[in-house]
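For reference, the structure discussed in these notes is given below.
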Amino acid sequence: MVDAVDVVIVASAFGMDAVRTHGHLKWARASRQAGAAGFEVRRELFADEADAAPHNLRALGQRIAELGLWSVYSTPASLYTAHGKLDADALRLSIEEALALGARFVKLQLGGFATYANAAVIADHMRCAELRLVVENGQLAQGGSLAQFTGLFDALTREGHAEVLGMTFDIGNWAWCDVAPLEAAAPLAAHVEYIHCKTAVGDGARRFPAAPAADDTQFGAVLDTLPRHVPRGIEFPFDASRIETDAAHYVAWLAAA
6 MVDAVDVVIV ASAFGMDAVR THGHLKWARA SRQAGAAGFE VRRELFADEA
56 DAAPHNLRAL GQRIAELGLW SVYSTPASLY TAHGKLDADA LRLSIEEALA
106 LGARFVKLQL GGFATYANAA VIADHMRCAE LRLVVENGQL AQGGSLAQFT
156 GLFDALTREG HAEVLGMTFD IGNWAWCDVA PLEAAAPLAA HVEYIHCKTA
206 VGDGARRFPA APAADDTQFG AVLDTLPRHV PRGIEFPFDA SRIETDAAHY
256 VAWLAAA
């Protein structure tokens with residue numbers, strides 16, 4: 006029998022407007038009721054910048070923990086600027102906010118990484134932080150290419166800090182960059198610490214995230230290639246007419262898939 010995996014529900018799965026209107030805590034409660042182990046807080050879904058103030062993040066984090074959930078803190082900030090320089094200010098702020106929340110992971114976009122990771126500076130920022138830094142493949146060419154991610158982990162190794170960060174592997178996002186997710190899974194699997202689970206439907210600018218079909222063999226093959234023990238996040242939208250049922254169904258399915 007295969008052991009179940011921790012499943013996280015990403016706040017946006019409940020609908021961006023719903024999260025901005027009702028706040029993250031309502032949907033953290035729904036995630037707990039659905040059987041999730043974790044909940045991903047999205048900074049861009051805060052209704053007000055004051056929601057990111059340390060005391061408000063601490064209060065939210067405490068309430069999430071009281072529900073029996075652990076948390077991920079996701080920010081749209083990029084680790085590297087468009088010119089390839091480490092954005093140390095964005096990293097510092099993201100870490101501070103994630104620590105206030107009490108998150109297990111802080112997730113950033115990769116941004117414009119080119120050749121030099123500046124790994125020693127990242128390691129210095131993470132030295133006393135009791136959380137894990139992960140970078141996610143995004144939907145834009147910058148920060149979403151396979152070559153950038155293989156180059157990043159090669160650079161971290163060359164610079165002597167191979168373990169300073171890991172990867173959030175977003176299965177669906179590769180479609181926006183015309184990369185087959187299975188093609189990316191093998192070379193990156195060793196660095197993957199969190200998986201965003203979704204597929205993509207449509208083409209070009211009219212491409213949208215969607216739930217994987219139960220018989221989607223490519224999706225299953227990607228999961229089989231990636232580490233079995235890492236948490237899996239639901240980042241596709243639930244059906245608004247049956248949110249609770251959808252959430253519980255997909256949590257149970259992904260935990261066992």
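The opening position of the sequence shown corresponds to residue 6 in this note's numbering, with each subsequent residue numbered one higher. The C-beta atom is built at its ideal place from N, Cα and C for all residues, glycine as well.
(request) Would you mind sorting Tyr199 into buried or exposed? The rule is 16 or more other CB atoms within 10 Å of its CB. (result) buried
(request) Go through its chain and collect everything with a Cβ distance to Gln147's Cβ below 6 Å, but skip five positions before and after it. (result) Gly117
(request) With Lys112 as the anchor, note down where its beta strand (DSSP E) starts and where it stops. (result) 110 to 116
(message) Just to confirm my understanding: we take Asp92, look at its own chain, exclude 5 residues before and 5 after, and list those with CB closer than 8 Å. What are they?
(response) Ala82, Ser83, Leu84, Tyr85, Thr86, Gly116
(message) Output needed for Ser36: all residues of its chain with C-beta closer than 6 Å, excluding positions within five of it in sequence on either side, in chain order.
(response) Ile14, Phe44
(message) Below 8 Å on the Cβ atoms is my contact criterion, and I expect His29 with Val46 to pass it. Report the Cβ-Cβ distance as a whole number of Å.
(response) 5 Å
(request) Could you spell out where the beta strand (DSSP E) holding Arg212 opens and where it closes? (result) 211 to 215
(request) Thinking Leu161 and Ala124 are a contact (beta carbons under 8 Å), I'd like their distance in whole angstroms, please. (result) 5 Å
(message) Taking only three categories from DSSP, how would you classify Cys202?
(response) strand
(message) Going by beta-carbon coordinates alone, are Cys202 and Ile239 separated by less than 8 Å?
(response) yes
(message) So, at 7 Å on beta carbons, what are the nonlocal neighbours of Ser99 in its own chain, with the 5 sequence-adjacent residues on each side left out?
(response) Thr80, Ala82, Val111, Leu113
(request) Please state if the CB of Leu72 and the CB of Arg34 are separated by a distance shorter than 8 Å. (result) yes
(request) Pick helix, strand or coil for Glu141, following the three-state DSSP scheme. (result) strand
(message) Can you look up Glu71 in the DSSP assignment and give me helix, strand or coil?
(response) helix
(message) Suppose you measure from the CA of Phe243 to the CA of Arg97; what does that come to, to the nearest Å?
(response) 33 Å
(request) Express the C-alpha separation of Leu151 and Asp175 in angstroms, rounding to a whole number. (result) 12 Å
(message) Going by DSSP, what residue range makes up the beta strand (DSSP E) through Ile239?
(response) 237 to 239
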